[in-house]
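The next block holds one structure in the form of structure tokens; read it before the comments.
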Amino acid sequence: MSTATVEERPPEVSRGQNTRHRLMDAAEALMAEKGLDGVSVRSINKAAGTSVGVMHYHFRSKEELIEAIVLRRMETLQEARLERYTELLQAEQPTVEAVVEAMVAPYAAMAVSSDPAERQYIRFMDRLFVTRSPVLDELVVKHFGRVNRRLFVLM
């Protein structure tokens, strides 16, 4: 049985936003445990406590739901990486070790965070990486080119 981490929501979050977050939390936990293909839309709705059509109301597809899950924390990771890359670009000759550390350290910090939602996100992302999900490849191209271009300049 999955133990979904449900984040505390501020009181100003609308009912619809709360439902979106519950769906993302439930899907993230289930997919971290069982993989993308091991989780049905029905099981996501059930874990989120919503009726059958609700996931499709908030997210047109399972892929759109996965994209929302990836993006809600990836932007924070990418900004931390971008800050480190920018510092390295100022250095005369950054080492390979420094470049790798700039890329990996924000991810590693989230993996050992005291926040269970951040650790769950890392388990979810690890599942995407391990299964070599084409969804992840598409998201990287679509959303993270700016930061990745900085990385390639450093290399």
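Numbering follows numbering that gives the first Met the number 0, in which position 120 of the sequence shown is assigned residue number 119; successive positions increment by one, without gaps.
The beta carbon of each residue, even a glycine, is placed where N, CA and C say it ideally should be.
Check: Distance, Cα to Cα, Ser1 vs Ser112?
Finding: As a first step, residue 1 is located in the sequence shown; it is residue number 2 there, counting from the start. As a first step, residue 112 is located in the sequence shown; it is residue number 113 there, counting from the start. Its pLDDT being 47, under 50, Ser1 is placed unreliably by the model, and the measurement read from it follows with that caveat. So the alpha carbons of these two residues sit roughly 20 Å apart.
Checklist line | Reduced DSSP category for Glu117 - H, G, I as helix; E, B as strand; rest coil | finding: Here residue 117 refers to the residue found at position 118 of the sequence shown. In this structure, Glu117 counts as helix in the three-state DSSP scheme.
Next item on the list: Say whether the segment 19-36 touches the segment 57-73, bearing in mind that this needs 3 or more beta-carbon pairs closer than 8 Å, one atom from each stretch.
Entry: yes
Notebook entry, point to check: Cβ of Phe123 within 9 Å of Cβ of Ala47?
Noted result: Within the sequence shown, residue 123 is the residue found at index 124, counting from 1. Within the sequence shown, residue 47 is the residue found at index 48, counting from 1. Not in contact: Phe123 and Ala47 (Cβ atoms no closer than 9 Å).
Next item on the list: State the DSSP-derived secondary structure class of Pro93, mapped to helix, strand or coil.
Entry: Indexing the sequence shown from 1 puts residue 93 at position 94. Of the three classes helix, strand and coil, the one that applies to Pro93 here is coil, per DSSP.
Next item on the list: Kindly indicate which three-state DSSP category Asp125 falls into: helix, strand or coil?
Entry: One-based indexing of the sequence shown puts residue 125 at position 126. Asp125: helix per DSSP, three-state reduction.
Notebook entry, point to check: In or out: Phe128 buried (at least 16 other Cβ within 10 Å) or exposed?
Noted result: The residue given as residue 128 occupies position 129 in the sequence shown. Exposed, since its Cβ has fewer than 16 Cβ neighbours within 10 Å.
Note to self: Quick check on the DSSP output: the alpha helix (DSSP H) that includes Ser42 runs from which residue to which?
What the structure shows: For this step, residue 42 is matched to residue 43 along the sequence shown. Per DSSP, Ser42 belongs to the alpha helix (DSSP H) from 40-47.
Check: Using the beta-carbon count (16 or more within 10 Å), is Gln89 buried or exposed?
Finding: Working through the sequence shown from its first residue, we reach residue 89 at position 90. Its Cβ having fewer than 16 others within 10 Å, Gln89 is exposed.
Next item on the list: Tell me, to the nearest whole angstrom, how far the beta carbon of Arg80 is from that of Pro105; I am working on the premise that it is less than 8 Å.
Entry: Residue mapping note: residue 80 aligns to position 81 of the sequence shown, counting from 1. Residue mapping note: residue 105 aligns to position 106 of the sequence shown, counting from 1. Right, their Cβ atoms sit about 6 Å apart.
Margin query: Considering only the alpha carbon of each residue, which of Gln92, Val95, His55, Gln77 lies closest to Ala107?
Written below: Here residue 107 corresponds to residue number 108 of the sequence shown, with the count starting at 1. Of the candidates Gln92, Val95, His55, Gln77, the one whose C-alpha sits nearest the C-alpha of Ala107 is Gln77.
Checklist line | Terminal residues of the alpha helix (DSSP H) in which Val206 lies | finding: What is shown of the chain runs 0 to 154, which leaves residue 206 out entirely.
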